[in-house]
């Protein structure tokens, strides 16, 4: 498929094509970086393909290698493949994308991740507040009380702090480079101030060596705090606190629309996947039915 560089239609579409290329390149890069820490001992499939260690033919992939992944993981990885071929079409390398009609696995309506319960969250906050490491409370506050994603939390800088209309705010660069101002409740502001200390620049959260905290250091700190708080979770990770942020808001009576805005979900269905209140035994409709029938007997 050949196109002339001087074609007016091609020139007119160049900004959109460049934007799409950048967006999908960033998506692929993000997916590769998600597994970078396992490269030394367990190279990813993408890395094995790029280095010629693994076949690129679909039929060469053993079925058991696919079945061991959750449907959400397979769907996310396929989105990278779809995005790659879409860029090829946009860049006039292919006429049609072979991934257009690929069927993705059905992702469950409810998130498989379980957030912390109300008492567990309180225990974690108390433990982090009493920790001798000031970064602990700031980490829990940014993840659980502001609902930031882990890359937003670790990427927050002191220069991102400011004031807007009488509110202390944190400038957050989220997905797609979108910048939003997140208000800081007093407790969160105090936690951040403790972590910042007298510094004027640099990251808000630091590791034990004084450098910027990354997602792996954050995960280790959360596991340590959860153990100290007596919280027994099979797999404690940073996203669990973002999940807790959403479900605790819903349990507190905040409307789904307001929770969606706070979590910065583009689709309300994403927010609903986080909501596990339907599984809450205290609010199960069986009690309502039993009370209704008992009132008439």
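Numbering (our numbering), first residue to last: 1 to 297.
Glycine is no exception: its CB is placed at the ideal position from the N, C-alpha and C atoms.
query, result
"Residue 238 versus residue 149 - alpha carbon distance", "8 Å"
"Best match in 89, 247, 291, 203 for proximity to residue 147 [C-alpha to C-alpha]", "247"
"Contiguous alpha helix (DSSP H) assignments of at least 4 residues, all confined to the segment 190–257", "215–228, 239–251"
"Reference residue 100; option with closest CA among 290, 80, 117", "80"
"Residues that DSSP places opposite residue 162 in a beta bridge", "169"
"Cβ-Cβ distance between residue 138 and residue 192 below 8 Å", "yes"
"Residue 135, DSSP secondary structure in three states", "helix"
"The segment 209–219 contacting the segment 166–173, beta-carbon criterion three pairs below 8 Å", "no"
"Sufficient close CB pairs (3 or more, under 8 Å) joining the segment 84–99 to the segment 154–161", "no"
"Buried versus exposed, by CB contacts within 10 Å (16 or more), residue 92", "exposed"
"Meets three-Cβ-pair contact criterion under 8 Å: the segment 251–260 and the segment 170–188", "no"
"Extent of the continuous alpha helix (DSSP H) run through residue 145", "First-last for residue 145: undefined, no H or E at that position."
"Cutoff 6 Å; reference residue 178; Cβ partners in own chain excluding five residues on either side", "none"
"N- and C-terminal bounds of the alpha helix (DSSP H) containing residue 78", "71–90"
"Cutoff 6 Å; reference residue 1; Cβ partners in own chain excluding five residues on either side", "Summary for residue 1: the model assigns pLDDT 42, below 50, so the residue's position carries little reliability; its value from the coordinates is reported in the next sentence. 92, 95."
"Selection from 69, 156, 273, 269 that minimises the alpha carbon distance to residue 204", "156"
"Boundaries (first-last residue) of the beta strand (DSSP E) holding residue 94", "Careful: residue 94 lies outside any beta strand (DSSP E) and carries neither H nor E."
"Burial state of residue 11 (16 or more Cβ within 10 Å)", "Interpretation of residue 11 is limited by its pLDDT of 48, a score under 50 that renders its predicted location unreliable; no figure is taken from the coordinates."
"Length of the line joining the Cα atoms of residue 152 and residue 291", "46 Å"
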